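Asks:
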Amino acid sequence: MARGNDAPYHDGRTFPFIEATCGKLTDQGKSCDYIDIQFDVTLGGDYCNQVAEGARNGVSQITAFHEKCPCSHIVVNGYSEGAHVAGDVLGGPASFLPFGGCTFVSTGLDNNSAAGKAVAAALLWGDVMHTANQPYNVLDGADKQANGRKPGDLARLNRYAPVLRSYCAAGDPVCAGGNVVVNHLNYFELYTDDASSWVVSKIDNVAPLPSCAAPSSSSTLVLSSTVAISSATSASVPQSSAVAPTPSSMVTVSVTPTMVESSATETPCSTSPAMVSPFPSPVPYSPDSYVLEVHIEYAYV
Numbered sequence: 005m006a007r008g009n010d011a012p013y014h015d016g017r018t019f020p021f022i023e024a025t026c027g028k029l030t031d032q033g034k035s036c037d038y039i040d041i042q043f044d045v046t047l048g049g050d051y052c053n054q055v056a057e058g059a060r061n062g063v064s065q066i067t068a069f070h071e072k073c074p075c076s077h078i079v080v081n082g083y084s085e086g087a088h089v090a091g092d093v094l095g096g097p098a099s100f101l102p103f104g105g106c107t108f109v110s111t112g113l114d115n116n117s118a119a120g121k122a123v124a125a126a127l128l129w130g131d132v133m134h135t136a137n138q139p140y141n142v143l144d145g146a147d148k149q150a151n152g153r154k155p156g157d158l159a160r161l162n163r164y165a166p167v168l169r170s171y172c173a174a175g176d177p178v179c180a181g182g183n184v185v186v187n188h189l190n191y192f193e194l195y196t197d198d199a200s201s202w203v204v205s206k207i208d209n210v211a212p213l214p215s216c217a218a219p220s221s222s223s224t225l226v227l228s229s230t231v232a233i234s235s236a237t238s239a240s241v242p243q244s245s246a247v248a249p250t251p252s253s254m255v256t257v258s259v260t261p262t263m264v265e266s267s268a269t270e271t272p273c274s275t276s277p278a279m280v281s282p283f284p285s286p287v288p289y290s291p292d293s294y295v296l297e298v299h300i301e302y303a304y305v
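All residue numbers for the sequence shown refer to the numbering used here, where the first residue is 5 and numbers rise by one.
1) Taking only runs of the beta strand (DSSP E) that begin and end inside the region 123-196, which ones reach a length of at least 3 residues, in chain order?
2) Determine, using beta-carbon pairs with one atom in the region 139-151 and one in the region 113-120, whether at least three such pairs fall under 8 Å.
3) Among all the DSSP beta bridges, which residues are the ones paired with His-88?
4) Since Leu-94 contacts Val-80 with CB under 8 Å, what's their CB separation in whole angstroms?
5) Do Gly-112 and Cys-179 count as a contact pair if the criterion is CB distance below 7 Å?
6) Nearest to Phe-19 by alpha carbon, out of Asn-209, Pro-214, Ala-199?
7) Let's test the definition: count the other Cβ atoms within 10 Å of the Cβ of Thr-30 and tell me whether it reaches 16, buried, or not, exposed.
8) With a 10 Å radius around its C-beta and 16 neighbouring C-beta atoms as the bar for buried, classify Val-280 as buried or exposed.
9) Would you tell me roughly how many angstroms separate the C-alpha atoms of Gly-181 and Thr-135, rounded to the nearest one?
10) According to DSSP, is Ser-64 helix, strand or coil?
11) Check this for me: beta carbons of Asn-190 and Gly-175, under 7 Å apart or not?
12) Which word fits Ser-221, buried or exposed, when buried means at least 16 other C-beta atoms lie within 10 angstroms of its C-beta?
13) For Glu-23, which residues of its own chain have a beta-carbon under 6 Å away from its beta-carbon, when the five flanking residues on both sides are left out?
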């Protein structure tokens, strides 16, 4: 889970999706957790640098998590600017940005890499770079766009088409070029149940990961981001103020997932947050700072 422009971590606008998805997985006897993609969200800041930072950190966090927990499945989730970030995490940067036309060099998370194969689902909501008429588009803005990705950029993103959904309402000014602001703000009020059920269905039907040495355990990671289209961001849960854009995560061992599902009969790779919900501030993230601890007990008979 990644915050949006001028929004706090654990953003109240998007968090109902996390709660609903985790709730449904928990009802199945599975575990669920989340992390934030780390990037600067200062209002009025350099949009291109923000997106580039989020995309780089997202790829880094997913890759580091998968290296520590190879049996884990991943769900990528992004809203508005965060959908732009999530799309760039998967497919590399869009070569045209509406706020300056800047680019950065990346091809995104390779879908044939071990970490890429762990992505079980990805959701984009009100995506700045929403592209019309894609097979994974849903809602009445499916055939509309405000910006759209160029063919080469879109082709990279579409490597993930079988596990991707892009929500766009026709009146949404961000993804569809409409003029109904509320259509950009109410996705999670209207479609959380549908989206969370879809994610759960993808998790339920996912094949075991080839990188998983022990088929008895699996888990799921979800990454997301958000953006505000005004200076204020509504929230229904306690929130924190913005912090410096240094990569961070919220886990006690291994690496951080945004959302984690597990059907393990054994203890899965730990993703428990280091702080009690609602995680008002992140813990500094560094892939090299996680150490796997093995405890051996001897019994004399």
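Even for Gly, the Cβ is constructed at its ideal location relative to N, Cα and C. Note that the structure is predicted; figures quoted are calculated from it, not measured.
Replies: Considering the structure as presented:
1) Taking 3 residues as the minimum length, the beta strand (DSSP E) runs contained wholly in the region 123-196 are 123-129, 168-171, in order along the chain.
2) With the cut-off at 8 Å, the region 139-151 and the region 113-120 do not touch.
3) Bridge partners of His-88: none, in fact.
4) 6 Å
5) Contact: no.
6) For Phe-19, the nearest C-alpha among the options comes from Ala-199.
7) Classification of Thr-30: exposed, given that the 10 Å Cβ count is below 16.
8) With a pLDDT of 27 at Val-280, under the threshold of 50, the modelled position of that residue is not reliable, and the figure given next carries that caveat. Exposed.
9) When rounded, the distance between both Cα atoms is 11 Å.
10) helix
11) no
12) Low confidence applies to Ser-221: its pLDDT is 43, below 50, so where it sits in the model is not reliable, and the reading given next is rough at best. So Ser-221 counts as buried.
13) Setting aside the 5 residues that flank it on each side, Glu-23 has no residue in the same chain whose C-beta is closer than 6 Å to its C-beta.
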